[in-house]
Structure formats: structure tokens, C-alpha cells
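Asks: Below you'll find the structure I mean.
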Amino acid sequence: MNKDNTSGVIFKTALDGLELWEKGVKLDSFLDGNPDASRYRKSISSLLYTYFRHRALIEFTVAKFAKKVDPKFMRVLAMAVTEAWYHTGIPKEMAANFAVDYVRRRYGDRPSGFINAVLRKTISLDPAKLQKEAPLGIQLNLPPLLFERWKRHYPEAEIAKFAGIMMDKPPFTFRLLNEIPENELNDAGCSEVKTEFDLSPIKFYKTSTPDNVFRNKWLDDGKIYVQDPVTVLSTLALNPKKGETIADLCSAPGGKSLALAELMGGEGMIVASDCSFDRHRKTVENFTRAGFGNLSVIVSSAQNSSLKPSGFDAVLLDVPCSNTGVGRHKPDALWRFSEKKLKELVREQRKILDGGSTLVKPGGRLVYSTCSIENEENSMQIKKFVSENKEFILREEKQILPAEDNDGAYVALLERQ
67 MNKDNTSGVI
77 FKTALDGLEL
87 WEKGVKLDSF
97 LDGNPDASRY
107 RKSISSLLYT
117 YFRHRALIEF
127 TVAKFAKKVD
137 PKFMRVLAMA
147 VTEAWYHTGI
157 PKEMAANFAV
167 DYVRRRYGDR
177 PSGFINAVLR
187 KTISLDPAKL
197 QKEAPLGIQL
207 NLPPLLFERW
217 KRHYPEAEIA
227 KFAGIMMDKP
237 PFTFRLLNEI
247 PENELNDAGC
257 SEVKTEFDLS
267 PIKFYKTSTP
277 DNVFRNKWLD
287 DGKIYVQDPV
297 TVLSTLALNP
307 KKGETIADLC
317 SAPGGKSLAL
327 AELMGGEGMI
337 VASDCSFDRH
347 RKTVENFTRA
357 GFGNLSVIVS
367 SAQNSSLKPS
377 GFDAVLLDVP
387 CSNTGVGRHK
397 PDALWRFSEK
407 KLKELVREQR
417 KILDGGSTLV
427 KPGGRLVYST
437 CSIENEENSM
447 QIKKFVSENK
457 EFILREEKQI
467 LPAEDNDGAY
477 VALLERQ
């Protein structure tokens, strides 16, 4: 297949992915399930994620030249403008031609003429200049709903700081499971991650050349685990000890359970529970690769668990959330956000919290965590739970905002009396 044909397949497949996303399908599910998406995953995921990182500016600009665009044509314009503005490997004219030809073949000359007219006006503009002159919410490429919501909770300067970070691609970060000589890490272009919060004794590294990491087979050999540094805060807060019995609910794909096993020195028992069989398969694979033998895998939901009440020294609840703290890794999550969905998540989180809390022994610990920066899912959720469950005391809580080397997250440590 020649380059033009390949680019055409990538463009069409990205359009299919965007349409399915609008219908509620997760991007990862689409990329895993579509043959062309799997074949050209790197290019297609780059195109889609780049679009979501710049969606506000793209839609704001297109709206200057076209009002009330049919969704199927808006998707075409969105992908074409994304390619023309942000994918330097494709000439602007070629990006426009793909879009115009695609529409002509499927919908005829009149719609393709409309697409052509809008694109010729749009792709010649300088996105950097447009962004600088746009309203602040558009400059930050935030969904209007989230921008207005965050203004009620954070100073605009702080929003600008972490929203600006979320527009960038995240660094490739990983933690060591087994020792790798420092010179090998340096030769692969890796440097240790420095965060504003304490990660000891766990070490994280980052690199702008992840291909070097994969060439060294560190992942295949179980020497590293790829994850964001903030994700281990919950395991550090739990402070697992050798010989303890710990339940990690909502555990898949197992990164936190792996960190628990490491901190326990391989002694004790970890029960990793999740309601997703597919995601749990990844947990088993990750533990097999890492070589830890102290894991029992159970597939069940946290609120309907068959686990023994008051049977655990510690319980970790990394609950489903709005993902508003992980905009760099999941830029589409910000555009999924709605007040209705938030309320549904808060109810689901509370059910998991109620179910998980019954597993904690008197004197035991409970850690609740999210990758959200919304108060309703975090401090407000815990405050309400503690007020209604007097046997639990809040010992510590942290709200982390997105920063250069980490995503946003919330962690609360509770103790059962």
C-alpha cells in the first residue's frame, strides 16, 4: 500500500473511531477491536488524541466559517484540520484533499464543495496565533462546562497552569520492579522523575525515547512497569507491611497491586478484585511477568463481594471516576464530562466505599483514591462517608493537581476504630 493510500486508511479509520466515541465507545476499545486501527494504532491514536487536545480551538475556528454543521461533516472537518495544523508529516493540502475526496465519494459534489470551502479558509490560518487571540477557555482547550466549573474552585492562573500541561503529550514514565544499572538507564535516555510529593522507596524514570526502553526488553523481562508516578500514592498511603492480608478492589490492570507486593517484600497476601474479566486478564499477565507469587485474583464487584467481612488488614479502593486529573493520558475524558455522569459516578463510588469498608478489620486501614480533581468525588465524598460511619477516622488526604511529570489524583487514608 502506497503512502497516500495508507494516509487515506488512517484518516477514514480515525473518522470511524470518532463516530463510535460519540456513541459512547472508549477509544482504547475501538483501537483494540478495529483491524485497521490495530494495524496503524500509533498514527490513528495520535490523530484522535491530538484532536481532543485541541478540540476547543478547532471547533471555535470552524464555527467562524460554518454554522450548524452536520455531525458527520464536523467529524471530517475536525480530523482534516487536526492533520493540517498539528501533523507535520502530512502537507496541509493533502489533508484537505483526503477530506474532500472522502466526502465526494460518499455524499456527492455539493457536500464536498462545502468541505473544501471551509477547509481552504481554515487550514491556512496559524493555530498558535488563533489560540493567543481566543478567549481563555479556548486558549486552554477546555470544554466550556469544565472551564466554568473549575473557575469556581481554582484561581484562573492555576487552571491555566495545569490545563496547559494537559494539552501536552505525557512523558513516558515507568517504575523499576528489578534493578537496572544506572548507566543502562542513561544510555536509553532515561532520567529519574522528581515530583513535589514523596515517592520513596519507589523509583520512577521518564524518557522521550520509549523505543529504547522496548528495545531493551525491560518490560518483557518484568524489570519495569509503565505507569504514572501519581498512581502509587495510594499504595504508599496504605503503607502495606510484610505478612498482611490486603484487598485491592477495582484493581485491574494490577499496577497498584504490583506496587503493594513490592512494598510487602513478597510476603503476605493480596486479593485483587475487579468486575472486569478482560481487565483482570491483564492483572494476571502483569503479575506473572513480574514474578510475584503473593496474589490471589478474584473477579467480583466491590459492593457485591464474597470476601470475608472484617477480614483484611488494609483495603485499597481505587474507584471509577471522571478522569479529570488525567487529561494528558486521556484527553477525550475531559470531553466526556457531564454533571449527570458525575452524579452517577459519585453514587457508584459510594457503593464501592460502603462495600469495601466492611472488609476492614478493627484497627485496619482503608485508602480511597481517584484520578479526578472534582471535589464531589474526593474530599466531599470522604467527608460524607466519615460523618455517616463514625468508626472510621480520616488520617490523611491529598489532592494532587496535574504537573510536569505526573497526573492529577486524590488519596484519602482512613482508619477503622
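The opening residue of the sequence shown carries number 67 in the working numbering; numbering runs sequentially from there. For each residue, glycine too, the CB sits at the ideal point set by N, CA and C. Bear in mind that the values here come from a model prediction, so they are computed numbers and not experimental data.
1. Taking residue 208 as the reference, give the member of 466, 398, 318 with the closest Cα.
2. Inspect the beta-carbon positions of residue 301 and residue 329 and report whether they are closer than 8 Å.
3. Below 8 Å on the Cβ atoms is my contact criterion, and I expect residue 464 with residue 315 to pass it. Report the Cβ-Cβ distance as a whole number of Å.
4. Report yes if the CB atom of residue 177 is closer than 8 Å to the CB atom of residue 139, and no otherwise.
5. Which complete alpha helix (DSSP H) runs does the stretch 81 to 135 hold, if anything under 4 residues is left out?
6. Specify the secondary structure class of residue 429 as computed by DSSP and reduced to three states.
7. Would you list, in sequence order, the uninterrupted beta strand (DSSP E) runs of no fewer than 3 residues that lie entirely inside the stretch 186 to 221?
8. For residue 171, is the classification buried or exposed, using 16 other Cβ atoms within 10 angstroms of its Cβ as the cut-off for buried?
9. Counting only the same chain and skipping the five closest in sequence on each side, list residues whose C-beta sits under 8 Å from that of residue 293.
10. Tell me the rounded alpha-carbon separation between residue 213 and residue 126.
11. Look at the Cβ atom of residue 472, then the Cβ atom of residue 295, and state whether they are nearer than 8 Å.
12. State the Cα-Cα distance for the pair residue 421 and residue 382, rounded to the nearest angstrom.
13. Going by C-alpha to C-alpha distance, which of 475, 469, 193 sits closest to residue 388?
14. Bridge partners for residue 472 per DSSP, in chain order?
15. Are the stretch 421 to 437 and the stretch 137 to 157 touching by the rule of at least three beta carbon pairs closer than 8 Å?
16. CB-CB under 7 Å to residue 461, same chain, minus the five flanking residues each way: which ones, in chain order?
17. Look at the alpha carbon of residue 226 and the alpha carbon of residue 215, and state the distance between them as a whole number of angstroms.
Replies: According to the structure data:
1. Here the closest residue by C-alpha is 398.
2. Taking the C-beta atoms as reference points, residue 329 is found nearer than 8 Å to residue 301.
3. Not really, about 20 Å apart at Cβ, beyond 8 Å.
4. A contact, by the Cβ cut-off of 8 Å.
5. Those alpha helix (DSSP H) runs which fall completely within the stretch 81 to 135 and span 4+ residues are 93 to 99, 101 to 105, 107 to 119, 121 to 131.
6. Three-state DSSP puts residue 429 in a strand.
7. Correct list: empty.
8. With a 10 Å radius around the Cβ and a threshold of 16 neighbouring Cβ atoms, residue 171 comes out exposed.
9. Listed in chain order, the non-local C-beta contacts of residue 293 below 8 Å within the same chain comprise 239, 240, 241, 321, local neighbours out to five positions each way being set aside.
10. Approximately 15 Å between the Cα atoms of the pair.
11. Pairing residue 472 with residue 295 gives a Cβ-Cβ distance under 8 Å.
12. Going by the C-alpha atoms only, they are around 12 Å apart.
13. For the residues 475, 469, 193, the minimum Cα distance to residue 388 belongs to 475.
14. DSSP, once it has assigned bridges, lists 469 as partnering residue 472.
15. The stretch 421 to 437 vs the stretch 137 to 157: no contact.
16. 479, 480, 481, listed in sequence order.
17. Straight-line Cα distance between these residues: approximately 14 Å.
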